[in-house]
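Shown next, in structure tokens, is the structure this report addresses.
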Amino acid sequence: MSGNPANIQRYSQADVEAMVEEADVPSRFLTRLLFPTEVYSDAQHIEWDIVRKGRRMAPFVAPTVRGRPMAREGFVTKALKPAYVKQTTTVDQMRPLSRTPGESWGGDLTPAQRLDILLAQDIVQHKESLNNRIEWMAAQTLLNGGYTIVGEEYPETAIDFMMPSALNIAMAGAATWDQTTSSPIRDIEQMALTVRTVGYGVVCRDIIMDPLAWSLFKEHADVKERLDLDVGRSGAWAQTSLDLGIQAGEDYQSGWMAGTLDGRFRIFVYNATYEDETGTRQDYMPPYTVIVCAPGEMGGRQYFGQIVDTEASYEAVKQFFKSRSQWDPSGEEVLSQSAPLVGPHRWGSWGVMTVA
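In terms of UniProt numbering, the sequence shown opens at residue 1 and continues consecutively.
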């Protein structure tokens, strides 16, 4: 052991990094489907390019006329400062003296072994909490075209990815999906067409619904004969359907492929929840919400900025961990830090409908 009493190290940084590497925590459903790419930046502000493609036609000219210069496709660059996330937990001096969950009655581990396990569990908790925050940012981007970052001594910052109003609509009256006069398939096709028009050629093939929207959709007379529920077992979609479903350590019911529509659209049902600052459970997607999207064309990304910590050498990593031993009362403290930002690369590549 070395250092002053307030900063004794029981675990070296290499020990902590090995535990972090061992703790394999899968990303959440929306993140995995629509924002799979991770990008790292050592700058304080992340330059985010949002591509806005067009459908220009080649100009007519006489064969003897010099070729007309073409302007490059446009994009908008936004300089955004990423959010900053800090989490700390402490394994106090008494916890290693009690049997851990799953340990045989009476206990067959030493306190030192239990301390290792408890520290590893805290690391998993930190990683899961960060993934939940990233999933929230992904959900807010899809639902509202951005999100607001608010935190302790952090100035309120609005992140806006300029979602066109035509791509966020609410059904009303006879058009809501709980009415026999509605036409859910027509609504989906119309939104896909709007995305294709606004996004200049984006082809939507995936539909994400919350359970209440899914319940109305699958029981609608307009849908029943055109919905194939035999996914993952047969057909052309079998090999691609469940890569985004069951993952170790994740609740299968948070997001799964439920069927296909006319052989053109994959239908996913998503009902993941999180706990807000008051401990209240909240849905990532509000009731009766439908997202029409094109994962491959959206180019969704997770950006991670620099860690403002000398021990991290101010480098950009997804999540930086370190630990220290407390002197009196004794315990083992774990600190994690991250600077995440989530958003799309291509403008106008998804649409949202509130259907009831």
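Beta carbons are placed, not taken as given, at the ideal position from N, Cα and C, and that holds for glycine.
Asked: Buried or exposed: Thr31, going by 16 or more other Cβ atoms within 10 Å of its Cβ?; Found: buried
Asked: Excluding the five sequence neighbours on either side, which residues of its own chain have a C-beta within less than 8 Å of the C-beta of Leu341, listed in chain order?; Found: Ile46, Trp48, Leu80, Pro82, Ala83, Met137, Ile159, Gln302, Tyr303, Phe304 and Gly305
Asked: For Val317, name the three-state secondary structure that DSSP assigns.; Found: coil
Asked: Look at the alpha carbon of Phe320 and the alpha carbon of Gly173, and state the distance between them as a whole number of angstroms.; Found: 51 Å
Asked: Under a Cβ-count criterion, where at least 16 other Cβ atoms within 10 Å of its own Cβ denotes burial, should Val203 be classed as buried or exposed?; Found: exposed
Asked: I want to know whether the region 284 to 295 touches the region 218 to 233 - three or more CB-CB distances under 8 Å.; Found: no
Asked: Are the CB atoms of Glu332 and Thr90 nearer to each other than 9 Å?; Found: yes
Asked: Can you give the Cα-Cα distance for Asn131 and Pro287, rounded to whole angstroms?; Found: 22 Å
Asked: Is the beta carbon of Asp262 less than 9 Å from the beta carbon of Asp210?; Found: no
Asked: Take every Cβ of the region 324 to 331, pair it with every Cβ of the region 88 to 103, and state whether three or more of those distances are shorter than 8 Å.; Found: yes
Asked: Less than 6 Å between C-beta atoms, sequence neighbours within five positions excluded: which residues of the same chain meet that for Gln140?; Found: Tyr147
Asked: Use the C-beta contact count for Thr197: other C-beta atoms within 10 angstroms, 16 or more gives buried, fewer gives exposed.; Found: exposed
Asked: When you compare only the Cα positions, how much space is there between Ala120 and Ala14?; Found: 14 Å
Asked: Is the beta carbon of Pro344 sitting closer than 9 Å to the one on Phe161?; Found: yes
Asked: Could you have a look at Met163 and say whether DSSP puts it in helix, strand or coil?; Found: coil
Asked: Taking C-beta to C-beta, are Gly255 and Ile208 nearer than 9 Å?; Found: yes
Asked: Using CA atoms only, rank isn't needed, just tell me which of Met298, Val317, Gln337 and Leu167 is closest to Glu38.; Found: Val317
Asked: Residue 360: which of Gly151, Gly259, Met163 and Met298 sits nearest, CA to CA?; Found: No statement about residue 360 is possible, as the shown extent of the chain runs from 1 to 356 and does not include it.
Asked: Where does Met137 sit, in a helix, a strand or coil, going by DSSP?; Found: helix
Asked: What separation, rounded to the nearest whole angstrom, lies between the Cα atoms of Ile169 and Tyr274?; Found: 25 Å
Asked: Compare the beta carbon distance of Gly351 and Leu167 with 9 Å and say whether it is the shorter of the two.; Found: yes
Asked: Terminal residues of the continuous alpha helix (DSSP H) containing Leu109?; Found: Segment: none, Leu109 is in no alpha helix (DSSP H) and carries neither H nor E.
Asked: Which of the three DSSP states, helix, strand or coil, is assigned to Trp347?; Found: coil
Asked: Whose C-beta lies closer than 7 Å to the C-beta of Thr176 among residues of the same chain, with five residues either side of it excluded?; Found: Ser182, Val355 and Ala356
Asked: Could you compute how far the alpha carbon of Pro258 sits from the alpha carbon of Phe268?; Found: In the sequence as presented, Pro is not what sits at residue 258; that position holds Ala. In a straight line, the C-alpha of Ala258 is about 6 Å away from that of Phe268.
Asked: Which residues mark the beginning and the end of the alpha helix (DSSP H) in which Ala170 is found?; Found: Not the alpha helix (DSSP H): Ala170 falls in the beta strand (DSSP E), residues Asn168 to Ala170.
Asked: At the level of alpha carbons, what is the spacing between Leu143 and Met285?; Found: 8 Å
Asked: Looking at the strands, I want to know which residues DSSP matches up with Phe268.; Found: Ile208 and Met257
Asked: Would the beta-carbon of Gly299 fall within 9 Å of that of Val195?; Found: no
Asked: Can you tell me whether DSSP reads Thr31 as helix, strand or coil?; Found: helix
Asked: Enumerate in chain order the residues of its own chain whose CB-to-CB distance from Thr100 is below 6 Å, with the five nearest sequence positions on each side excluded.; Found: Arg114 and Ile117
Asked: Just to check my reading of the structure: Ala272 and Phe29 have Cβ atoms closer than 8 Å, yes? What is that Cβ distance to the nearest angstrom?; Found: 6 Å
Asked: Bridge partners of Glu332, per DSSP?; Found: Val91 and Ser325
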